[in-house]
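Right, one structure below, let's go through it.
Numbering (this note's numbering), first residue to last: 259 to 447.
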């Protein structure tokens with residue numbers, strides 16, 4: 259018989275208190291759809307020494323599916339951004355920053371709607387949001403974008419300066435082919 263590990267608080271759900279390997283196997287079954295019935299999953303867990311109701315498994319499965327769907331959507335969005343800006347890291351980074359900012363804004367709107375008693379999508383829940391942490395995230399994103407812009411400007415200035423030095427060297431006798439080769443290497447940076 260398996261025994262739950264200690265670090266998870268007792269008020270946490272029974273599924274969260276499962277041993278990591280068993281919980282991982284349950285998550286894989288939910289992801290792969292190997293066992294379609296919550297009753298089958300409850301029996302399987304019972305056979306492994308953990309009595310958990312099929313209702314609890316159903317509730318966990320719904321939350322798990324929502325998280326999985328969010329990961330799928332984020333992966334798809336990232337894939338589309340990568341395809342759209344193939345090879346242009348600056349444009350891709352900028353698009354990803356906008357995507358993150360949009361998602362943060364949507365979280366803020368959803369929180370405000372629930373605070374005002376507004377409707378939330380059926381089955382959706384809004385976890386308590388630490389607005390201070392969210393504000394820090396937004397601030398960190400803005401700071402990262404500013405730092406990246408400064409870095410890009412310094413890099414462009416450095417490449418331009420190196421280009422000028424190559425031209426000066428060409429005027430002093432560097433071959434045209436060697437100068438073009440150096441410039442092409444600089445443009446790759």
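In this text, a Cβ means the ideal position worked out from N, Cα and C, and glycines have one as well.
Supposed contact pair residue j and residue i - C-beta distance, whole angstroms, cut 8 Å
{"i": "residue 392", "j": "residue 354", "result": "No, residue 392 and residue 354 are not in contact; Cβ-Cβ is about 18 Å, not under 8 Å."}
Of the listed residues the options, nearest to residue i (C-alpha basis)
{"i": "residue 313", "options": "307, 290, 272 and 348", "result": "272"}
{"i": "residue 444", "options": "428, 419, 403 and 326", "result": "419"}
{"i": "residue 399", "options": "351, 274, 424 and 324", "result": "351"}
{"i": "residue 248", "options": "327, 276, 332 and 372", "result": "This structure does not reach residue 248, given that the chain is present from 259 up to 447, and the question cannot be answered."}
{"i": "residue 307", "options": "290, 281, 437 and 421", "result": "281"}
{"i": "residue 318", "options": "388, 289, 336 and 334", "result": "289"}
{"i": "residue 334", "options": "357, 421 and 389", "result": "357"}
{"i": "residue 441", "options": "433, 424 and 429", "result": "424"}
{"i": "residue 359", "options": "372, 328, 403 and 426", "result": "403"}
{"i": "residue 406", "options": "372, 349, 284 and 322", "result": "349"}
{"i": "residue 410", "options": "431, 347, 372 and 298", "result": "347"}
CB contact check: residue i to chain B, cutoff 8 Å
{"i": "residue 327", "result": "Reference to chain B is not applicable here, since this structure consists of a single protein chain."}
Secondary structure of residue i, DSSP reduced to three states
{"i": "residue 432", "result": "coil"}
{"i": "residue 276", "result": "coil"}
{"i": "residue 271", "result": "coil"}
{"i": "residue 307", "result": "coil"}
{"i": "residue 388", "result": "coil"}
{"i": "residue 374", "result": "coil"}
{"i": "residue 363", "result": "helix"}
{"i": "residue 397", "result": "helix"}
{"i": "residue 442", "result": "helix"}
{"i": "residue 264", "result": "Here residue 264 scores only 46 on pLDDT, less than 50, and its place in the model should not be relied on; the value that follows carries that caveat. Coil at residue 264, not helix or strand."}
{"i": "residue 295", "result": "coil"}
{"i": "residue 343", "result": "coil"}
Per-residue burial, residue i [other beta carbons within 10 Å of its own, 16 or more giving buried]
{"i": "residue 338", "result": "exposed"}
{"i": "residue 389", "result": "exposed"}
{"i": "residue 340", "result": "exposed"}
{"i": "residue 436", "result": "exposed"}
{"i": "residue 300", "result": "buried"}
{"i": "residue 326", "result": "exposed"}
{"i": "residue 412", "result": "exposed"}
{"i": "residue 259", "result": "For residue 259, the predicted structure reports a pLDDT of 48, less than 50, and the residue's modelled location is therefore unreliable. A value from the coordinates is still provided. Per the 10 Å Cβ criterion, exposed."}
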